[in-house]
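Remarks on the structure that follows.
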Amino acid sequence: MATLRLERIARDFSDGRQVRRVLFPTTLELMPGQLTVMAGPSGSGKTTLLSIIGLVLRPSEGKMFLDAREVSALSDDQAAALRLQQYGFVFQQPMLIEGLTVRENVLLALGVQGRRPPKAVVRKADELLAALGLAETGHLQPRVLSGGMKQRVSIARALIKDPAILLCDEPTSALDAESGQVVMKILKRIATEQNRVVIVVSHDARVFPYADRLIKLENGKVVSDTTEHYTSSNATEP
Amino acid sequence: MVLHDRSSTAGALLGVVAIVFLVGQQLSVLFGLLNFMSVLVDHSGADAWILSGNVRNVDAGNLISGRYLDRVIGLAEVAWAEPVLIGNGLFRTPDGSFESVRVVGVRRPRLTGGPWAFAQADERALLDLESVTVDRLDLKKLGQPWPGTVTEIGERRVRVGAVTEGARGFQGTLVFASLDKVKDIAKTPPGRYSAILVRFQPGTDAAVALARMRRILPECSVYSTAELSALTRRYYFTQTGIGGSFGFSTLIGVLIGVVIISLTLYASVLGRARDFAVMRAIGGRRWDVAVVVISQTLIITVTGLFVGFLLLATLLNATGRSAIPCYFPSYVPPILAAVTAGVSLLGSMIALRQALRAEPAAVFH
């Protein structure tokens, strides 16, 4: 399974008049089998860091390696190919495509470059949906599902291609407490049982108890990085 | 996406249908008028036409001497030559009013240059000296002069002997009669004709025969039937404003379609910007986004072409036997379809540009 290594990764943004540093040089190594939570207030740089890790944003400085391969300076198409092969994404909103069925949304992760998924993969999509408690929903339009169900569909979409790295941006923020716990348990299981790199960005303290590693950011800098077991007063144990 | 985003799909579909239907309808009227312009030439059954010198179209020639008939008949390449006399007259209707008609005189018994299709009776009616034909589409205008009706053209007694089908000229109602009757109506000098129609012997090299005829008739215009037809059409197309008028209305039809397609597809893409960003984030390339937009456009275009041509065919069928000029040559639909597809793709370019701007990083918020 893949290991991600970030060496002094930094990112600047420019509004045309002045350049603003939103992520200061950051060095991290992200291991498979761990659920890593990146936490911090708005503007702390956690989403920027996740975007760089997810190859949707290039760093202004530093290098990133996926195993031994440098991936911080790939072309658009190379980055897209790598995202397709190695990455799964779960967004803050499920971002399912209306007009496609639940099953088609899941399969889109494989067919996005125009390839028709084989029948075995279609079966796998149905099995995955069933494993996530969404049996018999494959033919439905996303609009008829609840928020929690949609988010689980987006997890299925991320997992259908067996990604080595699963990136989740505030996956529970749009969900009620119960749905949020279900989603976090699934993500935890994916990290530990399937030995994947799972990174969750969140400022929701309820997700912290599920973290194997908690990285806190403030003002574009990592202020703490701990693998101690974390609990919050209002969170239940996984 | 095409089925889900119904309002955008319907809008873009309307644009494609508008192009096919509006442009197709304009073209069918234009081709119908073009047919009217050269109808006498196209249905003459002759290989060549001899007219007065420097003619610009078949309707604008001076009278020529009948002696030219003897000159061309003497040529080895010529099977036969027949004179045609074209004049104008006033047709008296049953209520005492008059309608201007163009009278075409043809020589018996061959009746070359005469009518070619009939709704009632046939060409044998013109073997009678007094007999004339009227066209089915002009019956109402002329007061329903069915075969057997006796009336006057140019104050000369005529009897309607047959009703023709599709004999309409660009310059008005066509009435066929015998050569002698038209001489009488149009009061033309004896021994002079509007044109001489020539048929070549089988196996004759038309170019060689035409060249010989031009040599022996230097004061005349000698054209093959196809040349005269094209000359006449070109004259009316360029000299009467028809070309500009139809060109402009066709352009407007295309522009309306392009604007509708552009705006609806652009609005559709704007509404789906998030979906394209998701596509990019999960591994789609810009090319894959382009494929989605172009596929959507092509699906709409093909559907629009089908609906547009269906509507157009319905219109053409409904007006085919009416007084509205309409004709659609078989080579036009493929060209119209190709142009419409091109225009639709052009209309989708703004939408495509917007779709390609979708940044995968936009999904993380």
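For the protein sequence lines, the chains are A and B, in the order given.
In terms of my numbering, the first sequence opens at residue 175 and continues consecutively.
In terms of my numbering, the second sequence opens at residue 8 and continues consecutively.
Note that the Cβ used here is the ideal one computed from N, Cα and C, for glycine as well.
Just mark residue i as buried or exposed, buried being the case when its beta carbon has 16 or more other beta carbons within 10 Å.
i: V397(A); result: exposed
i: W56(B); result: buried
i: V211(A); result: buried
i: A202(B); result: buried
i: L262(B); result: exposed
i: V215(B); result: exposed
i: R326(A); result: buried
i: N369(A); result: exposed
i: T401(A); result: exposed
i: Q246(B); result: exposed
i: P412(A); result: The predicted model places P412(A) with a pLDDT of 42, which falls under 50 and marks its position as unreliable, so this point remains unresolved.
i: V266(B); result: exposed
i: T410(A); result: Unreliable positioning characterises T410(A) in this predicted model, as indicated by a pLDDT of 41, which lies under 50. A coordinate reading is not provided.
i: S188(A); result: exposed
i: S345(A); result: For clarity, residue 345(A) is Pro in the given sequence; the question names Ser instead. When all chains shown are included, P345(A) counts as buried.
i: P341(B); result: exposed
i: F382(A); result: buried
i: S406(A); result: With a pLDDT of 49 at S406(A), under the threshold of 50, the predicted position of this residue should be treated as unreliable, and no value is reported.
Less than 7 Å between C-beta atoms, sequence neighbours within five positions excluded: which residues of the same chain meet that for residue i?
i: I357(B); result: S269, Y273
i: G60(B); result: E226, C227, S228
i: D54(B); result: V205, R206, F207, A213, S231, T232
i: G176(B); result: F43, V46, L47, R109
i: D66(B); result: Q178
i: E159(B); result: R99, V165
i: F283(B); result: V296, A362, A365
i: Y75(B); result: I57, I203, L224, C227
Specify the secondary structure class of residue i as computed by DSSP and reduced to three states.
i: P90(B); result: strand
i: P199(A); result: strand
i: D49(B); result: helix
i: E244(A); result: strand
i: K188(B); result: helix
i: T16(B); result: helix
i: I331(B); result: coil
i: N408(A); result: Annotation note: pLDDT 38 at N408(A) (below 50); position unreliable, coordinate value reported separately. Reduced to three states, the DSSP call for N408(A) is coil.
i: M269(A); result: coil
i: D145(B); result: helix
i: S225(A); result: helix
i: A55(B); result: strand
i: Y261(A); result: strand
i: S107(B); result: strand
i: S275(B); result: helix
i: V396(A); result: strand
i: L308(A); result: coil
i: M356(B); result: helix
i: N61(B); result: coil
Whose C-beta lies closer than 8 Å to the C-beta of residue i among residues of the same chain, with five residues either side of it excluded?
i: G39(B); result: I331, P332, C333, Y334
i: N408(A); result: Here the model assigns N408(A) a pLDDT of 38, short of 50, so the residue's position is not dependable and the matter cannot be decided.
i: L391(A); result: M212, A213, G214, S218, G219, K220, L223, V397
i: L282(A); result: I271, L274, R331
i: A385(A); result: L209, T210, V211, V374, Y404
Contact defined as beta carbons within less than 8 Å: I believe residue i pairs with residue j. What is the distance between those atoms, to the nearest angstrom?
i: V110(B); j: L133(B); result: No, V110(B) and L133(B) are not in contact; Cβ-Cβ is about 12 Å, not under 8 Å.
i: I360(A); j: L204(A); result: That belief does not hold up - the Cβ atoms of I360(A) and L204(A) are roughly 19 Å apart, past 8 Å.
i: A365(B); j: A280(B); result: 6 Å
i: I26(B); j: R257(A); result: With 8 Å as the limit, I26(B) and R257(A) do not qualify as a contact, their Cβ atoms being about 39 Å apart.
i: L21(B); j: T310(B); result: 11 Å between Cβ atoms; not a contact.
i: S246(A); j: K237(A); result: 5 Å
i: S355(B); j: I301(B); result: 7 Å
What span of residues does the beta strand (DSSP E) with residue i cover, start to end?
i: Y230(B); result: 227-231
i: I334(A); result: Element bounds for I334(A): n/a, residue is neither H nor E.
i: F207(B); result: 202-207
i: T158(B); result: 157-160
i: Q208(A); result: 208-213
i: E366(B); result: Run containing E366(B): none; DSSP gives neither H nor E here.
i: G120(B); result: Neither: G120(B) is in no beta strand (DSSP E) and is coded neither H nor E.
i: F187(A); result: 178-188
i: G168(B); result: 163-171
i: I373(A); result: 371-375
Give the range of the alpha helix (DSSP H) segment to which residue i is assigned.
i: Q127(B); result: Here Q127(B) belongs to no alpha helix (DSSP H); instead the beta strand (DSSP E) covers 125-127.
i: W294(B); result: 293-326
i: F283(B); result: 280-288
i: R74(B); result: 74-80
i: V357(A); result: 351-367
Quick one: what's got a C-beta closer than 6 Å to residue i's C-beta in the same chain, skipping five residues either side?
i: L231(A); result: S225
i: L29(B); result: G260
i: T140(B); result: P122, A169, T171, F183
i: R185(A); result: V196, L197, T222, P233, S234
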